[in-house]
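Protein chains in written order, with my numbering: chain A, 56 to 292; chain B, 56 to 292. Here a beta-carbon is modelled for each residue, glycine too, at the ideal position from N, C-alpha and C. Here the structure comes first, spelled out in structure tokens, and everything after it is commentary.
Number of protein chains: 2
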Amino acid sequence: MSAGKLPWTSWRHVVKLDPDRAIANHQLEELGRIATDAVLIGGTQGITFEKTADLMRRLRIFAPSLPVWQEISDQSAVMPDADGYGIPVALNAGNTDWLIGKHVEAVEQFGRIIPWERVVTEGYIILNPDAAVAKLTQSAVPQSSEKAVAYATAAEQIFGIRVIYLEYSGKYGDPDWVRAVRQNTNVHLVYGGGIDSAEKAVEMADIADTIVVGNALYEKGMDVVRETVRAVHSLRK
Amino acid sequence: MSAGKLPWTSWRHVVKLDPDRAIANHQLEELGRIATDAVLIGGTQGITFEKTADLMRRLRIFAPSLPVWQEISDQSAVMPDADGYGIPVALNAGNTDWLIGKHVEAVEQFGRIIPWERVVTEGYIILNPDAAVAKLTQSAVPQSSEKAVAYATAAEQIFGIRVIYLEYSGKYGDPDWVRAVRQNTNVHLVYGGGIDSAEKAVEMADIADTIVVGNALYEKGMDVVRETVRAVHSLRK
Numbered sequence: 056m057s058a059g060k061l062p063w064t065s066w067r068h069v070v071k072l073d074p075d076r077a078i079a080n081h082q083l084e085e086l087g088r089i090a091t092d093a094v095l096i097g098g099t100q101g102i103t104f105e106k107t108a109d110l111m112r113r114l115r116i117f118a119p120s121l122p123v124w125q126e127i128s129d130q131s132a133v134m135p136d137a138d139g140y141g142i143p144v145a146l147n148a149g150n151t152d153w154l155i156g157k158h159v160e161a162v163e164q165f166g167r168i169i170p171w172e173r174v175v176t177e178g179y180i181i182l183n184p185d186a187a188v189a190k191l192t193q194s195a196v197p198q199s200s201e202k203a204v205a206y207a208t209a210a211e212q213i214f215g216i217r218v219i220y221l222e223y224s225g226k227y228g229d230p231d232w233v234r235a236v237r238q239n240t241n242v243h244l245v246y247g248g249g250i251d252s253a254e255k256a257v258e259m260a261d262i263a264d265t266i267v268v269g270n271a272l273y274e275k276g277m278d279v280v281r282e283t284v285r286a287v288h289s290l291r292k
Numbered sequence: 056m057s058a059g060k061l062p063w064t065s066w067r068h069v070v071k072l073d074p075d076r077a078i079a080n081h082q083l084e085e086l087g088r089i090a091t092d093a094v095l096i097g098g099t100q101g102i103t104f105e106k107t108a109d110l111m112r113r114l115r116i117f118a119p120s121l122p123v124w125q126e127i128s129d130q131s132a133v134m135p136d137a138d139g140y141g142i143p144v145a146l147n148a149g150n151t152d153w154l155i156g157k158h159v160e161a162v163e164q165f166g167r168i169i170p171w172e173r174v175v176t177e178g179y180i181i182l183n184p185d186a187a188v189a190k191l192t193q194s195a196v197p198q199s200s201e202k203a204v205a206y207a208t209a210a211e212q213i214f215g216i217r218v219i220y221l222e223y224s225g226k227y228g229d230p231d232w233v234r235a236v237r238q239n240t241n242v243h244l245v246y247g248g249g250i251d252s253a254e255k256a257v258e259m260a261d262i263a264d265t266i267v268v269g270n271a272l273y274e275k276g277m278d279v280v281r282e283t284v285r286a287v288h289s290l291r292k
């Protein structure tokens, strides 16, 4: 596993689709046209094999040119035909399950068939205490940017994790915190949470390597997603 | 941090010294003559700055040619003049403290002055449920070699940990388990526990990359340590 060889490093704008939320075929078609760099399938609640397989199948039909990566949260819903897999490690989880426990179980069961060359570890730092993922993982949410930097540094230097995902999930985060992690690490930095306008997309994409747009699609529609893509691409050299 | 650049990869035989146990100056002098590859200072209980500093100082006087690495278990006992540092990550710990929590605290406090180029992460898999370290970390001791392999694989592939330390601490382990981890990973494999004879040293050094001799020194004396060094060196091509 080496982030350097993986598409992640060239992604600036990613759309996260939640199998548990409704999206129409014509919206997927639009998604294929708006030049986001990739789709990440992932969610926290209500993820089943059926729902995930349905979303995957429709993405391949209606947005065939989009790279589709799956973020594995439940080993029973793994899609064998995803282009790659994100394995979340909840760095500030309150118990070992979300740090390594579930991963060990999955490796024990599927170790020999896991395509490691298409797997990227995402070192999550969960920063919104009200998010479902914070509750699920009983996260100890950092109370200072210094603590967030310490998590990222420990992940980078002690573990060899190369992708850090600052997860505000549903809430727009503090650019100063994102900047602090950026300035103190050499990881590939992903930002997610509350991006629902061109302004916010530009602000975070200017600091982080990749921004993730999720809820805005479901709550505000595809026009907002398109705006964020344009805004991020305008930043490209 | 890259194990490939670090002395660890060339070490075949290491002696672990516990600051909480007595060792005479003439024994340290002997240790310097018997061609072990390095000394690792580390222990689980009763580690204080004073005891650690005393051991360190006497090692530099009586065995000046030996590389001395310190395994950090308590940040208050860190020796600035160690040649390098091992940072234990207890992969099968029962709570997050020993996986990442204490590490994040130390990074937050000392991050800017940590010499990462002299730091190696040791991914511990604790395999003796009766050992003090198993109790301290509330370890979930694997009940099968497959589970031990899964821990090692998760550490290698999901985290980027490159040194795995199979810790039987005080008990001689099962060579088949060590072999299973060897055959299913590409990590630098360290074995520790119950090596108190040339036969055991050869058996484990034939499978693992590095063997650690600890208790035998205190319980059986330097002659036994010397035997294990000779035995391991006889395996070298």
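Are there 16 or more other CB atoms within 10 angstroms of the CB of residue i, so buried, or fewer, so exposed?
i: A/R112; result: exposed
i: A/K190; result: exposed
i: B/I142; result: buried
i: B/Q310; result: The shown model of chain B, from 56 to 292, leaves out residue 310 of chain B, and the question about it has no answer.
i: B/L72; result: buried
i: A/R217; result: buried
i: A/W66; result: buried
i: B/A120; result: As written in the sequence, residue 120 of chain B is Ser, which differs from the Ala given in the question. Under this definition B/S120 is an exposed residue.
i: A/S194; result: buried
i: A/R237; result: buried
i: A/D48; result: What is shown of chain A runs 56 to 292, which leaves residue 48 of chain A out entirely.
i: A/I262; result: buried
i: A/P184; result: exposed
i: A/I169; result: buried
i: B/S224; result: buried
i: A/H81; result: exposed
i: B/Q198; result: exposed
i: B/E177; result: buried
i: B/A79; result: exposed
i: A/G59; result: With a pLDDT of 49 at A/G59, under the threshold of 50, the modelled position of this residue cannot be trusted; read the value that follows with caution. Flag for A/G59 reads exposed.
i: A/M56; result: Residue confidence is low: A/M56 scores 44 on pLDDT, short of 50, so the model does not pin down where it sits. Its coordinate-derived value is still stated next. A/M56 comes out buried.
i: B/A286; result: buried
i: A/K292; result: Reliability of the predicted coordinates at A/K292 is poor, the pLDDT of 49 falling under 50, and no value is obtained from them.
i: B/A77; result: exposed
Going by the beta-carbon positions, is the gap between residue i and residue j smaller than 9 Å?
i: B/Y220; j: B/Y273; result: no
i: B/L290; j: B/V245; result: no
i: A/I89; j: A/R281; result: yes
i: A/V174; j: B/I213; result: yes
i: A/V70; j: A/T91; result: yes
i: B/T151; j: A/L110; result: no
i: A/Q125; j: A/L83; result: no
i: B/T265; j: B/H288; result: no
i: A/G98; j: B/G215; result: no
i: A/A137; j: A/V188; result: no
Looking at the unbroken alpha helix (DSSP H) that takes in residue i, where does it start and where does it end?
i: A/I78; result: Element bounds for A/I78: n/a, residue is neither H nor E.
i: B/A195; result: No alpha helix (DSSP H) contains B/A195, which DSSP labels as neither H nor E.
i: A/G156; result: 156–165
Please determine, among the options, the residue with the shortest C-alpha to C-alpha distance to residue i.
i: A/D75; options: A/T103, A/A90, A/Q82; result: A/T103
i: A/M134; options: A/L114, A/L146, A/A148, A/G149; result: A/L114
i: A/W171; options: B/K106, B/V268, B/T91, B/E211; result: B/E211
i: A/V204; options: B/E163, B/T240, B/D138; result: B/E163
i: A/E85; options: A/G276, A/E201, A/T107; result: A/G276
i: B/E105; options: B/V94, B/D129, B/V123; result: B/D129
i: A/A148; options: B/S224, B/V144, B/G156; result: B/G156
i: B/H158; options: B/G247, B/D138, B/I127, B/A137; result: B/I127
i: A/Y206; options: B/S200, B/G248, B/E160; result: B/E160
i: A/N239; options: B/G166, B/D138, B/S131; result: B/G166
i: A/A118; options: A/G87, A/G139, A/V196, A/V267; result: A/G87
i: A/A253; options: A/V279, A/T208, A/K226; result: A/V279
i: B/A260; options: B/V233, B/D138, B/G269; result: B/V233
i: B/G248; options: B/A271, B/D231, B/A235; result: B/A271
From which residue to which residue does the beta strand (DSSP E) around residue i run?
i: B/K202; result: It is not in any beta strand (DSSP E) - B/K202 instead sits in the alpha helix (DSSP H) that spans 200–208.
i: B/W232; result: First-last for B/W232: 230–239, but that is the alpha helix (DSSP H), not the beta strand (DSSP E).
i: B/I116; result: Segment 104–117 is the alpha helix (DSSP H) holding B/I116; no beta strand (DSSP E) there.
i: B/L72; result: 68–72
i: B/Y220; result: 218–222
i: B/E126; result: 123–126
i: A/E177; result: 174–181
At a cut-off of 8 Å, is residue i close to the ligand PLP when judged by its beta-carbon and the heavy atoms of the ligand?
i: A/G87; result: Looking for the ligand PLP in the displayed structure turns up nothing, as the structure carries no ligands at all.
- Can you give me, in chain order, the residues of the region 204–216 of chain A that have a beta carbon less than 7 Å from any beta carbon in chain B? Residues A205, Y206, T208, A209, Q212, I213, F214, G215, I216.
- Task: Give, in chain order, every residue of the region 267–280 of chain B whose Cβ lies closer than 7 Å to some Cβ of chain A.
- Result: Result list empty, no residue passes.
- Can you give me, in chain order, the residues of the region 228–259 of chain B that have a beta carbon less than 7 Å from any beta carbon in chain A? So the list is empty, because no residue satisfies the distance condition.
- Query: If you measure beta-carbon to beta-carbon, which residues of the region 158–176 of chain B are closer than 8 Å to chain A?
  - Reply: Listed by position, the residues of the region 158–176 of chain B near chain A (Cβ gap below 8 Å) are H158, V159, E160, V162, E163, G166, I169, W171, V174, T176.
- Query: Name the residues in the region 116–146 of chain B whose C-beta lies less than 8 Å from a C-beta of chain A; which are they?
  - Reply: Taking 8 Å as the upper bound on Cβ-Cβ separation, chain A lies near residues I142, V144, L146 of the region 116–146 of chain B.
- Return the residues of the region 175–203 of chain B that lie within a Cβ-Cβ distance of less than 7 Å from chain A, sorted by chain order. Interface annotation for the region 175–203 of chain B against chain A: T176, E201, K202, criterion Cβ-Cβ distance under 7 Å.
- Positions along the region 96–115 of chain A whose CB lies within less than 9 Å of some CB in chain B: Answer set for the region 96–115 of chain A: empty.
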